[in-house]
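Numbering (our numbering), first residue to last: 630 to 732. Just so you know, even glycine gets a beta-carbon here, dropped at the ideal spot from N, CA and C.
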């Protein structure tokens with residue numbers, strides 16, 4: 630028997646001094662019932678909030694993609710309510726405005 634779970638892919642934009650960088654994480658989250666989207670979203674939100682609170686660098690914003698059995702079931706975009714909203718907007722604009730940026 631497999632344990633009820635879902636996979637989550639996280640991307641955070643983090644600020645340290647005057648630098649902003651992105652970090653990506655892939656994790657497995659355990660739930661009682663992965664078909665219960667309220668439970669899945671609640672667990673995902675808890676993981677995101679824990680990372681924002683415990684991160685060494687200031688988290689500005691990010692995205693989370695929730696996968697169950699290989700299927701994308703939920704996308705979450707979030708902003709750190711304690712971060713400078715103007716800085717968040719500037720960084721989002723920078724990420725979104727350069728289609729030819731190579732990573």
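- Euclidean distance between Cα positions of residue 653 and residue 642: 9 Å
- Item | residue 710: CB within 7 Å of a non-hydrogen atom of the ligand ADP | As presented, the structure is devoid of all ligands, the ligand ADP included, so that no description of it is given.
- Task: Please determine if the stretch 677 to 687 and the stretch 656 to 668 are in contact, where contact requires at least 3 C-beta pairs separated by less than 8 Å.
- Result: no
- Query: Roughly how many whole angstroms lie between the Cα atoms of residue 712 and residue 640?
  - Reply: 16 Å
- Task: Counting only the same chain and skipping the five closest in sequence on each side, list residues whose C-beta sits under 7 Å from that of residue 681.
- Result: 688 and 709
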